[in-house]
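Numbering (our numbering), first residue to last: 1 to 620. Below you'll find the structure, written out as structure tokens, and then a few comments.
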Amino acid sequence: MLVDNIKVFSDQTLNQQANFKKLKEELEQRQKNGENSIGKFDELKCILHSFHTQIQFIVITETWIKSKDEAKRLLLPGYTHYYNYRENTKGGGVSIFAHDNLKHNITEELCIAGMHYLWIHVSDYCLDIGVIYNPDRTNIKSFLETYSSQLQKRKRVIVFGDYNLDLLRSDRMTMDYKEMLKENGFSLLNKVEAKYCTRETSTTKTLLDHASTNLKSHVFHMAVIESSISDHKQLYLEVEKYKPVTKKKIEYEALDYKMLFKRVEKEMEGNITNFSDLETILTNSIKTSKIKKTKILNPPRNDWINKNILIDIDKRNALWHQHKMSPKDDQIKHDFLKQRNAVTEKIQKVKREYYIKAFKECTKKPMKMWNLLNSLSNNKIKEICSPTKLNIVNDTITNPQRICESFNNYFSTVGSTLANSIPIKYHQNETYTLPNQRCSDAGLSQMSPVTLTEVSKLIDDLNTNTALGIDGVSSKAIKCIKNVLAEKLTICINHCFDQGLFPDTLKVAKVSPIFKSGSKSDPGNYRPISVLPVLSKIFEKAIYSRLIQYLNSINFLYEKQYGFRSKSSTISAAIDLVTNMKLQIDKKQIVVGIFIDLKKAFDTVSHNLLLNKLNSIGIN
Numbered sequence: 001m002l003v004d005n006i007k008v009f010s011d012q013t014l015n016q017q018a019n020f021k022k023l024k025e026e027l028e029q030r031q032k033n034g035e036n037s038i039g040k041f042d043e044l045k046c047i048l049h050s051f052h053t054q055i056q057f058i059v060i061t062e063t064w065i066k067s068k069d070e071a072k073r074l075l076l077p078g079y080t081h082y083y084n085y086r087e088n089t090k091g092g093g094v095s096i097f098a099h100d101n102l103k104h105n106i107t108e109e110l111c112i113a114g115m116h117y118l119w120i121h122v123s124d125y126c127l128d129i130g131v132i133y134n135p136d137r138t139n140i141k142s143f144l145e146t147y148s149s150q151l152q153k154r155k156r157v158i159v160f161g162d163y164n165l166d167l168l169r170s171d172r173m174t175m176d177y178k179e180m181l182k183e184n185g186f187s188l189l190n191k192v193e194a195k196y197c198t199r200e201t202s203t204t205k206t207l208l209d210h211a212s213t214n215l216k217s218h219v220f221h222m223a224v225i226e227s228s229i230s231d232h233k234q235l236y237l238e239v240e241k242y243k244p245v246t247k248k249k250i251e252y253e254a255l256d257y258k259m260l261f262k263r264v265e266k267e268m269e270g271n272i273t274n275f276s277d278l279e280t281i282l283t284n285s286i287k288t289s290k291i292k293k294t295k296i297l298n299p300p301r302n303d304w305i306n307k308n309i310l311i312d313i314d315k316r317n318a319l320w321h322q323h324k325m326s327p328k329d330d331q332i333k334h335d336f337l338k339q340r341n342a343v344t345e346k347i348q349k350v351k352r353e354y355y356i357k358a359f360k361e362c363t364k365k366p367m368k369m370w371n372l373l374n375s376l377s378n379n380k381i382k383e384i385c386s387p388t389k390l391n392i393v394n395d396t397i398t399n400p401q402r403i404c405e406s407f408n409n410y411f412s413t414v415g416s417t418l419a420n421s422i423p424i425k426y427h428q429n430e431t432y433t434l435p436n437q438r439c440s441d442a443g444l445s446q447m448s449p450v451t452l453t454e455v456s457k458l459i460d461d462l463n464t465n466t467a468l469g470i471d472g473v474s475s476k477a478i479k480c481i482k483n484v485l486a487e488k489l490t491i492c493i494n495h496c497f498d499q500g501l502f503p504d505t506l507k508v509a510k511v512s513p514i515f516k517s518g519s520k521s522d523p524g525n526y527r528p529i530s531v532l533p534v535l536s537k538i539f540e541k542a543i544y545s546r547l548i549q550y551l552n553s554i555n556f557l558y559e560k561q562y563g564f565r566s567k568s569s570t571i572s573a574a575i576d577l578v579t580n581m582k583l584q585i586d587k588k589q590i591v592v593g594i595f596i597d598l599k600k601a602f603d604t605v606s607h608n609l610l611l612n613k614l615n616s617i618g619i620n
């Protein structure tokens, strides 16, 4: 006997945990009959949350999936969803959720006359896992022929399904099914006894959901789980010989901030006025203050699931079991329906409140906001990776180094190339570009010095949720050493102001090409995301505050310049646009809008014109 003990539970959550702790934490698989899984997906997440062991495979029949879009919305964190569905009729459908800790791929999917066959191969175990759905007994001969041919071509197999063949009966069809399994070297894992039935009413017991295998040298543990999530019971199966997949671990370098502080404090004891010296001390101190750490990647969690929900599910399941045993008892039926509705309402309420709070917490954190939105919309975010090839004119480039150089060349020249196509009169005619007269006699010939207080505040205002620049210095590291860095950095910034020079090293950006749309081999279909060194942000903000103060003092900026100004934004532009349109419409005027999108507006700015304009308004 492959399965020497089968446990039966009438609930799925807290009460059964003590029993599951005794089972082996190895290759766990779970089969359930979904009966429209889409509407019960949140409850399935609650049930999985209650398991102490990690379920490697979840097999579902009767999913009632109707389209690929619908299937793609059914995602479990940490699992890959394989599915097969009926395209033209409702009902049926099968799914396998395979844990991402394992390597697996789909090998076959078939839907014939409402019958479903879905197979995946698990490389780690050299094992095929299948799920079968046979809706009725009308085409049993055709079903057995197709199923037999699928079993024959597979070596190591565990297969689950809703076969609609009752193993508790000894009719001809059931006997043919058992004989077919035997001929192919398969054995049933179910115990063929009434108390282990998979579907039960007050008057009948049937064993329609089966698990079978051709593995002979393994010990299996099985549980039959009863719940009102479906009128079928669920099967829980463990294979003893397989070892559990260990949690993924990653090694990474991390900064020892205490060590960094001590190193920087010691190195900056002398007189430092040159920024390059300060930068060298900082980068060397960071390199020598790194330590290796190991991080265990825990599976994703649904944090809205709590113990109270699981307790309520237990209560509902207990009432459902009573209702099945006494279907004519109106009070039990009333109590069950009341508890069932309470569970549904509680799940919806708790989940809604959790996400409202989560949205409020990430209002000013765009990255976390997008991660949250993508998790709710079940969008799979692919890792950013460089293209394997680029087509430049008639040359195809596949060397990674040359691909990087090609991107660099394209991004650095696309602006000038486009600018050169603009008629020369717009480059040289100062009528279009320069003020008619000098805006100020005083001008801005010298930047006022920064103070220690100002630099300290600029450091405090740094956003720690940003990527590292090419120098590898993080905002968090700068904040950590603020007390020993701020004074020296103040001196260096003022020294640069005196010389009228911006450090060259702070102009070097780390550029990531982000694919937009179209052909991935065309560099024009990528937009560059540039990350500058964190210290450049401190320099830039110090310069910006002085420039904007001067420009405001001479009333230079146009009042309808909405972007990049304090107390103004593109929302202001939209409000003004709508207001003006409404006013003109109220006056019975015809309103015409012309919207212009300037191609590569930032890249095509003429540096000569910009410098001439700055000079003309008194900025030396």
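Glycine is no exception: its CB is placed at the ideal position from the N, C-alpha and C atoms.
Assuming the contact rule is C-beta atoms closer than 8 Å, residue i and residue j should be a hit. Round their C-beta distance to whole Å, please.
{"i": "Glu62", "j": "Asn84", "result": "The Cβ separation is near 12 Å, so there is no contact."}
{"i": "Ser536", "j": "Leu506", "result": "4 Å"}
{"i": "Ile397", "j": "Ser386", "result": "About 11 Å; that fails the 8 Å criterion."}
Does the beta-carbon distance from residue i to residue j come in below 8 Å?
{"i": "Lys324", "j": "Glu238", "result": "no"}
{"i": "Asp124", "j": "Leu102", "result": "yes"}
{"i": "Ile132", "j": "Ser95", "result": "no"}
{"i": "Gly469", "j": "Pro533", "result": "yes"}
{"i": "Ser227", "j": "Arg340", "result": "no"}
{"i": "His210", "j": "Asn184", "result": "no"}
{"i": "Val484", "j": "Ala542", "result": "no"}
{"i": "Leu118", "j": "Arg156", "result": "no"}
{"i": "Leu208", "j": "Val192", "result": "no"}
{"i": "Cys46", "j": "Ile309", "result": "yes"}
{"i": "Met268", "j": "Lys488", "result": "yes"}
{"i": "Val224", "j": "Tyr196", "result": "yes"}
{"i": "Thr288", "j": "Ala419", "result": "no"}
{"i": "His104", "j": "Thr80", "result": "yes"}
When the cut-off is 8 Å and only beta carbons count, does residue i lie next to chain C?
{"i": "Lys537", "result": "Considering every chain present, this structure includes no chain C. It has just one protein chain."}
To which residues of the same chain is residue i closer than 7 Å at the C-beta, ignoring the five residues directly before and after it?
{"i": "Phe602", "result": "none"}
{"i": "Phe186", "result": "Leu151, Ser212, Thr213 and Asn214"}
{"i": "Lys22", "result": "With a pLDDT of 43 at Lys22, under the threshold of 50, the modelled position of this residue cannot be trusted; read the value that follows with caution. Excluding residues within five positions, none has a Cβ falling inside 7 Å."}
{"i": "Ser448", "result": "Arg546"}
{"i": "Asp136", "result": "Asn164"}
{"i": "Thr466", "result": "Ser475"}
Keeping to the same chain, check which residues put their C-beta closer than 6 Å to that of residue i; ignore five residues upstream and five downstream.
{"i": "Ile140", "result": "Met173"}
{"i": "Tyr354", "result": "Trp304"}
{"i": "Val511", "result": "Pro528 and Ser530"}
{"i": "Tyr82", "result": "Ile96, Ile106 and Ile120"}
{"i": "Phe160", "result": "Gln31, Val59, Val131 and Ala211"}
{"i": "Asn134", "result": "Met115, Phe143, Tyr163 and Asn164"}
{"i": "Asn555", "result": "none"}
{"i": "Lys632", "result": "For residue 632 there is no data in the structure shown, the boundaries of the chain being 1 and 620."}
{"i": "Cys492", "result": "Phe275 and Leu278"}
{"i": "Lys600", "result": "Gly415 and Leu418"}
For residue i, which of the options has the nearest alpha-carbon?
{"i": "Gly563", "options": "Phe556, Ala573 and Asn555", "result": "Ala573"}
{"i": "Gly472", "options": "Pro503, Phe41, Leu462 and Ala509", "result": "Ala509"}
{"i": "Glu251", "options": "Lys488, Leu551 and Lys295", "result": "Lys295"}
{"i": "Val393", "options": "Lys249, Asp522 and Asp42", "result": "Asp522"}
{"i": "Gly114", "options": "Leu577, Ser445 and Ser142", "result": "Ser142"}
{"i": "Ile538", "options": "Thr89, Leu48 and Asp461", "result": "Asp461"}
{"i": "Thr464", "options": "Thr453, Lys457 and Lys476", "result": "Lys476"}
{"i": "Cys111", "options": "Leu376, Gly93 and Val122", "result": "Gly93"}
{"i": "Lys425", "options": "Leu609, Glu265 and Asn620", "result": "Leu609"}
{"i": "Gly91", "options": "Tyr236, Glu540 and Ile65", "result": "Ile65"}
{"i": "Asn494", "options": "Leu452, Lys307 and Pro513", "result": "Leu452"}
{"i": "Lys588", "options": "Asn580, Ile594 and Cys362", "result": "Asn580"}
{"i": "Tyr236", "options": "Asp586, Thr53, Ile403 and Phe515", "result": "Thr53"}
Who are the Cβ neighbours of residue i in its own chain at under 8 Å, not counting the five residues just before and after it?
{"i": "Glu253", "result": "Lys290, Ile291, Lys292 and Lys293"}
{"i": "Lys349", "result": "none"}
{"i": "Lys333", "result": "His323 and Pro327"}
{"i": "Ala358", "result": "Leu372"}
{"i": "Asn88", "result": "none"}
{"i": "Ile422", "result": "Thr604"}
{"i": "Lys479", "result": "Ile459, Asp460, Leu462 and Thr464"}
Beta strand (DSSP E) segments (min. 3 residues) lying fully within the segment 494-558: 510-515 and 526-531
At 3 residues or longer, and completely inside the segment 115-149: list those beta strand (DSSP E) runs for me, N to C. 115-122 and 127-133
Note down, one range per segment and in chain order, each beta strand (DSSP E) of at least 3 residues found wholly within the segment 251-282. none
Residue ranges of each beta strand (DSSP E) within the segment 341-423, 3 or longer: 390-392 and 395-397
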